[in-house]
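S.K.: The structure follows.
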Amino acid sequence: MAHDLLIRNARPVRIDRADPMLGDAAGEPMDLRIRDGLVVEMAPGLPEDGARILDADGRWVVPGLWDHHVHMVQWARTLTWLDLAGTRGPGEVVARVKSALTDSTAPVLTGFGFRSAAWSVQPTVAELDAVSGSRPVVLISGDGHNGWLNSAALAMLGVPPRDTALDEFDWFPVFARLEELPRDAEADDAAYREAVRRASAKGIVGITDMEFGRGFADWPERAATGITGLRVRAATYPATLDEVIERGLRTGDPLSDGDPLLTMGPLKIISDGSLNTRTAYCCEPYVDEPTSRGKLNVPPAELTDLLARATAHGLAVAVHAIGDAAVSAALDAFAATGARGSIEHAQLMARPDIARMGALGVTASVQPAHLLDDRDVTERCWPDRADRCFPLRSLLAAGVTLAMGSDAPVAPLDPWLAMAAAVHRSADERPAWHPQEAVTPAEALAASTFGAGTVGAGSRADLVLVDQDPLAPAGDRVGGDSAAAAARLRHTRVSVTLVDGEVIYDGR
Ligand SMILES: [Zn+2]
């Protein structure tokens, strides 16, 4: 078989404890024959039979990793955007904008990553105008839930003049229209290539792309320009649902003929706000803002209609719900319609809903790296319910499927960071935060692979060779030395990534 690829001396990492196919062989070097995008044979000492050889040199092999929640356009562009992370107030942001404008020729200056929810002074349009004049400036907060635009950018987008930044209801429609602003197409193209290269270098073989806009049409266009090597499930939003239905696209359908990598994703619905803006919809008021319980962006009846419509047209749904009341409302809609799919974030959950989620078969699409970023703010606004935040262990115990992701650019597109955070819930010297909700390294890896299981004959040839066993020594133990287990995950180096049997990244 001239087109076979033979991977020699690779050691499968055992993800499922009692994998019948692998028996006792886990850890022993094996040869893997790859044909037509599948592992067709796995055993020691397979004959060469004219195959191309890739010597793994005893490296470990895991299934290709998935990031189940990415905003790809934004992530790619953050590689070219002005970095506003760590700014402590409007003055610091404005100073960075001023110097960036001197250096940049971009038609629109875009910045990302400020966190105004923590500032004592809120930003104004006037102070941004003072340094930018007629050059359009768009600044996006780190959680994507508010936007600070100067008057030139507001005018270009047809937004009435205003004094303050835009948040939530005002912001999302504007956010969705940023595409209309003039862009440098060549720089965009280079940014996508770089974003995909970085994903492959982390062992990522697939993403669910939650980008606003028309991903179902944009991805085939990108692939035609050679931006490929990544499986993409392209989500749609209610605004483009009609077009998706008209095209007859159901979740899992290929987006274009002959490209197996690009498929239709779920209908994404943003049902509530975020923690940092105190807009996640809760059963009880915010402790540090007692007049507010957050808000529901989509009334329950409308949510049920959307889920019913998606289900009738073969689409899975991905419902963004961060607060416990929003999660409850989302589960009500799943129960009423029989929709399949996921709740995105599920950051705070009422205890009874955890079991209900398992019974309904709804996937929890979670971003463990957020628990590192949100630990301190949670102790301010939800100190009385922090034990119900990121309840990963409880979800697994209730039979809920976990699907991990980053929500990049909110957190870096790095599945190893997400896995580490799920295993050891601390980013610093402090003890783990509610360690009873930690998962094991094997569970974290399984939740990052789209259910692939331990690599063996019959596996899809979406594979990653890594330089050490990421699960040793604490593979299936809860707790124990979770800090050491997390450090091992974080420092696992990816050597080779294969997608559909093709070597996409080779960093040996
Ligand atoms: Zn998101």
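Taking numbering that gives the first Met the number 0, the leading residue of the sequence shown gets 0, the next gets one more, and so forth.
Think of the CB as a built atom: it goes at the ideal place given N, C-alpha and C, for glycine as much as any other residue.
In this text, all values refer to a predicted model and were calculated from it rather than measured experimentally.
Contact check, L156 vs R176 under 8 Å by CB: the rounded distance?
M.R.: Here the question's residue 156 lines up with position 157 in the sequence shown. Here the question's residue 176 lines up with position 177 in the sequence shown. The Cβ separation is near 6 Å, so the contact holds.
S.K.: List the endpoints of the continuous alpha helix (DSSP H) containing E525.
M.R.: Not covered by the structure: residue 525. The range shown for the chain is 0 to 507.
S.K.: Hey, A420 and L371: beta-carbon distance below 9 Å or not?
M.R.: By 1-based counting over the sequence shown, the position of residue 420 is 421. By 1-based counting over the sequence shown, the position of residue 371 is 372. In contact: A420 and L371 (Cβ atoms closer than 9 Å).
S.K.: If you count every other CB in all the chains shown that lies within 10 Å of the CB of I14, and 16 or more means buried, which is it?
M.R.: Here the question's residue 14 lines up with position 15 in the sequence shown. I14 is buried by the Cβ-count criterion.
S.K.: Along the chain, where does the beta strand (DSSP E) containing E40 start, and where does it finish?
M.R.: Counting from one through the sequence shown, the residue named residue 40 turns up at place 41. E40 -> beta strand (DSSP E) spans 37-42.
S.K.: In its own chain, which residues sit with a C-beta less than 6 Å from the C-beta of R292, not counting the 5 before and 5 after it?
M.R.: Taking the sequence shown and counting its residues from 1, one reaches residue 292 at position 293. Within the same chain, R292 has close Cβ partners C281, P284.
S.K.: Can you tell me which of G398, A320, P440, R429 puts its alpha carbon nearest to the alpha carbon of C388?
M.R.: Counting from one through the sequence shown, the residue named residue 388 turns up at place 389. Of G398, A320, P440, R429, the residue nearest in Cα terms is A320.
S.K.: Determine the direct distance from the alpha carbon of G205 to that of M20, and round the result to whole angstroms.
M.R.: Counted from its first residue, the sequence shown places residue 20 at position 21. Counted from its first residue, the sequence shown places residue 205 at position 206. With a pLDDT of 47 at M20, under the threshold of 50, the modelled position of this residue cannot be trusted, and the question is left open.
S.K.: Any chance you could list the beta strand (DSSP E) runs of at least 3 consecutive residues sitting entirely within the stretch 97-130, in chain order?
M.R.: The qualifying runs are 108-113.
S.K.: Based on DSSP bridge pairs, tell me the residues matched to C380.
M.R.: Here residue 380 refers to the residue found at position 381 of the sequence shown. BP columns for C380 are empty, so no partner.
S.K.: I want to check one thing, is the minimum distance from the CB of E343 to the heavy atoms of ligand 1 below 8 Å?
M.R.: Your numbering for residue 343 matches position 344 in the sequence shown. Yes, the beta carbon of E343 sits closer than 8 Å to at least one heavy atom of ligand 1.
S.K.: Just list the beta strand (DSSP E) runs in the stretch 122-186, keeping only unbroken ones of 3 residues or longer that don't cross its boundaries, in chain order.
M.R.: Runs found: 136-140, 145-148.
S.K.: Runs of 3 residues minimum, wholly inside the stretch 383-433: which ones carry the beta strand (DSSP E) assignment?
M.R.: Runs of the beta strand (DSSP E) inside the stretch 383-433: 401-403.
S.K.: State the Cα-Cα distance for the pair A164 and G212, rounded to the nearest angstrom.
M.R.: Residue 164 sits at position 165 when you count from the first residue of the sequence shown. Residue 212 sits at position 213 when you count from the first residue of the sequence shown. Going by the C-alpha atoms only, they are around 22 Å apart.
S.K.: Where do the N-terminal and C-terminal ends of the beta strand (DSSP E) with E501 fall, by residue?
M.R.: The residue you call residue 501 lines up with position 502 of the sequence shown. From DSSP, the beta strand (DSSP E) with E501 extends over 501-505.
S.K.: For ligand 1, is there a heavy atom less than 8 Å away from the beta-carbon of G143?
M.R.: Mapped onto the sequence shown, residue 143 falls at position 144. Flag set: Cβ of G143 near ligand 1.
S.K.: Pick out whichever of V93, T123, M41, S140 has its Cα sitting closest to the Cα of V409.
M.R.: Position 410 of the sequence shown, counted from the start, is the residue given in the question as residue 409. For the residues V93, T123, M41, S140, the minimum Cα distance to V409 belongs to S140.
S.K.: Cutting at 8 Å between CB atoms, please list the residues of its own chain near A75, excluding the five before and the five after it.
M.R.: If you number the sequence shown from 1, residue 75 lands on position 76. Excluding sequence neighbours, A75 sits near D187, A190, Y191, E193, A194.
S.K.: Please work out which residues of its chain come closer than 8 Å, Cβ to Cβ, to E167, disregarding the five sequence neighbours upstream and downstream, and give them in chain order.
M.R.: Translated into the one-based positions of the sequence shown, residue 167 becomes position 168. Around E167: H144, N145, G272, T276, T278, K294, N296.
S.K.: According to DSSP, what are the bridge partners of L31?
M.R.: Here residue 31 refers to the residue found at position 32 of the sequence shown. DSSP, once it has assigned bridges, lists I6, M41 as partnering L31.
S.K.: So, is E245 buried or exposed, given that buried needs 16 or more other C-beta atoms within 10 angstroms?
M.R.: Here residue 245 refers to the residue found at position 246 when the sequence shown is read from its first residue. Per the 10 Å Cβ criterion, exposed.
S.K.: Find the nearest neighbour of D30 within the set F171, A451, G57, judged by alpha-carbon distance.
M.R.: Along the sequence shown, one-based indexing puts residue 30 at 31. Of the listed residues, the one whose Cα sits closest to D30 is G57.
S.K.: Can you give me the Cβ contacts of V158 inside the same chain, cut-off strictly under 8 Å, excluding the 5 residues immediately before and after it?
M.R.: As a working note, residue 158 is residue 159 in the sequence shown. L148, L165, V173.
S.K.: Check for me: the alpha helix (DSSP H) holding R80 runs from which residue to which?
M.R.: Within the sequence shown, residue 80 is the residue found at index 81, counting from 1. Per the sequence shown, residue 80 should be read as Trp rather than Arg. W80 -> no alpha helix (DSSP H), and no H or E assigned at all.
S.K.: Thinking just about the alpha-carbon of each residue, which of L83, R10, R95 is nearest to the one in D54?
M.R.: Within the sequence shown, numbered from 1, the residue matching residue 54 stands at position 55. Considering only alpha carbons, the answer is R10.
S.K.: Nearest CA to the CA of Q127: which residue from V120, S119, V137?
M.R.: Translated into the one-based positions of the sequence shown, residue 127 becomes position 128. The residue asked about is misnamed: residue 127 is Leu in this sequence, not Gln. If we check each option's Cα against that of L127, V137 comes out closest.
S.K.: Within a Cβ cutoff of 6 Å, which residues of the same chain sit near A407, ignoring the five residues on either side of it in sequence?
M.R.: Residue 407 sits at position 408 when you count from the first residue of the sequence shown. Cβ within range, chain order: V69, W74.
S.K.: Please classify T336: does DSSP put it in a helix, a strand, or coil?
M.R.: Start at 1 with the first residue of the sequence shown, and residue 336 comes out as number 337. Three-state result, T336: helix.
S.K.: Since V493 and G26 should fall inside the 8 Å C-beta cutoff, what is the C-beta to C-beta distance between them, to a whole number of angstroms?
M.R.: Position 494 of the sequence shown, counted from the start, is the residue given in the question as residue 493. Position 27 of the sequence shown, counted from the start, is the residue given in the question as residue 26. The Cβ separation is near 19 Å, so there is no contact.
S.K.: Measure the alpha-carbon distance for P411 versus A358 and round it to whole angstroms.
M.R.: Position 412 of the sequence shown, counted from the first residue, corresponds to residue 411. Position 359 of the sequence shown, counted from the first residue, corresponds to residue 358. Each residue's Cα considered, the two are about 32 Å apart.
S.K.: Cβ-heavy atom distance between H433 and ligand 1 below 8 Å?
M.R.: Along the sequence shown, one-based indexing puts residue 433 at 434. The answer is no for H433.
S.K.: Between the alpha carbons of L37 and L4, how many angstroms are there, rounded?
M.R.: Translated into the one-based positions of the sequence shown, residue 37 becomes position 38. Translated into the one-based positions of the sequence shown, residue 4 becomes position 5. Cα-Cα distance, rounded: 10 Å.
S.K.: Is there at least one non-hydrogen atom of ligand 1 closer than 8 Å to the beta-carbon of D406?
M.R.: Sequence index remark: in the sequence shown, residue 406 carries index 407 (1-based). D406 Cβ: within cutoff of ligand 1.
S.K.: Is there at least one Cβ from chain C nearer than 9 Å to L371's Cβ?
M.R.: Looking at the structure shown, chain C is missing, and only one protein chain is on hand.
S.K.: Grab me the residues of R230's own chain with a C-beta within less than 7 Å of its C-beta, minus the 5 sequence neighbours each way, in chain order.
M.R.: The sequence position of residue 230 within the sequence shown is 231, counting from 1. Same-chain partners within the cutoff: V204, G205, L260, V498.
S.K.: Expressed to the nearest angstrom, what Euclidean distance is found between the alpha-carbon atoms of L464 and T310?
M.R.: Taking the sequence shown and counting its residues from 1, the one referred to as residue 464 is at position 465. Taking the sequence shown and counting its residues from 1, the one referred to as residue 310 is at position 311. So the alpha carbons of these two residues sit roughly 38 Å apart.
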